[in-house]
Amino acid sequence: RGGSEEEEEEKEEEEEEKEGEEKEEEEEGPETPSDPPPKPVVPGVLYLSFLPPGFGPRQARALLRPHGELGRVFFQPRSVRRRRQRPGGPPAVAFAEGWVEFRDKRAAKRAAKILHGAPMAPRPRSPFRHHCWSIKYLPGFRWPHLSERLSYERQVRAQRLRAEVAQAKREGGFYTRQASKAPPKTSGDPSAPLPTWGFTQRPTEEEIWRRKARPPPAAPPMRLLEKVFGAGR
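Residues 1 to 233 (UniProt numbering) make up the sequence shown, in order.
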C-alpha cells in the first residue's frame, strides 16, 4: 500500500504542474507572428532639362522643398565661352541641366507629375514667372549613376584635350622641320649684303615745291629749227 500511495501523490503533483503550465499559457495568450519590418525608403531623382538664366541650385531647393524632402542637387554649368559677364562683377554662371534628389521616390514622382509644364514661380515679381518647368522623373536612376556619368564625361573631355594638344604639337614640329629644310634666300657668302626692301612713298611737300621752282627747259638752237623748217622749202 505504501508504494501505491507514493505513486498516486506523484501523479497528482504532475497533474498540478500541467494545470499550472496550461494556466500560464492561457494568460500569455497564443503566440502571434512578428510584424514585418518596414520597407526602406528609396530615393528618387528628377531631371531638369531647361534652366532659365539666373536659376541655380539655391532657387531649385526653394521651389521644390514644399513637394518633399530633398537630398543632393547638381547643376551642370554651360561652357565657359557662353558665360555672360556682369558689369562690375564676376561672370554669371549659366546652367544647362540639373538633377535633384528626393529622399522618397514617391514624392519625386508626385512632384514631376504636378510641376511638369507648370509655371516655375507663382509670384508675380519672380524673375522666373514666365518660365515653365521641364522636369522628368528618372525611373531606376540613382545618384551613383550620375556620379559615374560625370566622371566618364570628365575623362572624355580630358582625353579629347590631350589629343588636341598632341595634334597641335605634331603640326608645329612638322612646320618647323619644313622651314629648316627650305634653302636660304640669301647667297652662301656671309659677307654678302643683306637684301633691302624698297617702298614707294608719296612725295613730300618740300619735294613738290622744289619741283615747281625748277626753270623750264632751254629752247632748241636756231640751226636745228632752220634745218627742220627749211627742209620743206
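For glycine and all other residues, C-beta sits at the position ideal for the given N, C-alpha and C.
Query	Result
For V41, which option in V73, E226 and R142 has the closest C-alpha, if you only look at C-alpha atoms?	R142
For K39, which option in K105, H145 and E69 has the closest C-alpha, if you only look at C-alpha atoms?	K105
Leaving out five residues on either side along the sequence, give the residues of the same chain with a beta carbon under 7 angstroms from the beta carbon of G117.	C132 and W133
Rounded C-beta distance between L63 and L70? I'm assuming under 8 angstroms.	About 11 angstroms separates the two Cβ atoms, so there is no contact after all.
So for K136, helix, strand or coil by DSSP?	strand
Just checking my contact of G98 with F128 at CB under 8 angstroms: how many whole Å lie between their CB atoms?	G98 to F128, Cβ: 14 angstroms. No contact.
Can you pull the DSSP bridge partners for E97?	Q76
Use the C-beta contact count for V45: other C-beta atoms within 10 angstroms, 16 or more gives buried, fewer gives exposed.	buried
Using three-state DSSP, classify P119 as helix, strand or coil.	strand
Select from I208, L138 and A112 the residue whose C-alpha is nearest the C-alpha of P66.	A112
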